[in-house]
Amino acid sequence: LSLFLLVLISQINAYSQMQGRGIRVKDGDTYIVNVKNKPVTIRLNNVDAPEMNQAWGIKSAKNISNVILGKSVVYTVTGTDRYGRILANVEINGKALDEQLVENGWAWVYNQYNSKPQLLTLQRDAINAQKGLWYCGANKVCPPWLFRGYNKLNRAKYCRGCK
3 LSLFLLVLIS QINAYSQMQG RGIRVKDGDT YIVNVKNKPV TIRLNNVDAP
53 EMNQAWGIKS AKNISNVILG KSVVYTVTGT DRYGRILANV EINGKALDEQ
103 LVENGWAWVY NQYNSKPQLL TLQRDAINAQ KGLWYCGANK VCPPWLFRGY
153 NKLNRAKYCR GCK
């Protein structure tokens with residue numbers, strides 16, 4: 003019975019809704035939120051933003067900084083990743099942050115981990131409108147999951163962005 007209660011409590015905590023204030027953008031999909039005067043690192047679910055040393059990485063982070071810094075952040079914890087970051091769905095001013103990122107072309111839908119089919123429509127619309135990282139066409143961008151796996155030579159060959 004004790005074990006059952008422990009598992010039940012951990013599951014309730016895993017999907018609890020929390021609130022804090024955005025204090026730092028580490029990159030386009032990872033943020034530090036001040037929760038009860040403690041910094042909490044959150045990795046946004048469903049999307050993958052460009053790495054900071056990747057084409058459009060700094061622009062993506064700056065755009066997201068304008069949305070999140072100093073703002074009230076409501077997030078629902080769904081787990082943790084292998085780096086110890088909290089995985090969460092995030093809302094700012096009642097709007098889902100993952101949707102804002104994809105809609106503005108600041109991040110890709112991370113198909114491998116996406117739980118929201120509507121994000122694919124938002125991404126297609128952003129590609130067609132050439133928003134954000136899509137400004138020079140879908141064939142000119144390199145998703146971060148490929149970028150992270152490439153060596154320096156392949157990054158230079160396949161991940162140049164618009165030049």
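Throughout the sequence shown, residue numbering follows our numbering, covering 3 to 165 in sequence. Glycine included, C-beta positions come from ideal geometry on N, C-alpha and C.
As the crow flies, the alpha-carbon of Ala128 is around 24 Å from that of Leu71.
Straight across, the Cα-Cα distance linking Thr82 with Asn156 is about 31 Å. Here Arg87 is buried. Its C-beta has 16 or more other C-beta atoms within 10 Å. Under the criterion of beta carbons closer than 8 Å, Trp58 and Leu135 qualify as touching, at roughly 4 Å.
When the five nearest sequence neighbours on each side are left out, no beta carbon in the same chain lies closer than 7 Å to the beta carbon of Ala158.
Here Leu121 is buried, its C-beta having at least 16 other C-beta atoms within 10 Å.
If the five residues before and after Glu101 are omitted, its C-beta is found closer than 7 Å to the C-beta atoms of Leu121 and Leu124, all from its own chain and listed in chain order. For Cys164 and Lys142, the gap between their C-alpha atoms comes out near 6 Å.
Rounded to the nearest angstrom, the gap between the Cα atoms of Pro146 and Glu53 is 6 Å. In the DSSP assignment, Asn156 falls outside any beta strand (DSSP E) and lies within the alpha helix (DSSP H) extending over Lys154 to Tyr160. Between Tyr77 and the set Asn55, Ala109, Ser18 and Ile66, the nearest pair of CA atoms involves Ser18. With a minimum length of 4 residues, the unbroken runs of alpha helix (DSSP H) contained wholly in the region 7–95 fall at 59–70. In the three-state DSSP reduction, Ala98 falls in the strand class (E or B). Around Gly96, the same chain offers no residue with a beta carbon nearer than 7 Å, after the five sequence neighbours per side are excluded. Residue burial is scored here from C-beta neighbours: Gln21 has fewer than 16 other C-beta atoms within 10 angstroms and is therefore classed as exposed.
One Cα belongs to Cys138, the other to Gln132, and the distance between them is close to 7 Å.
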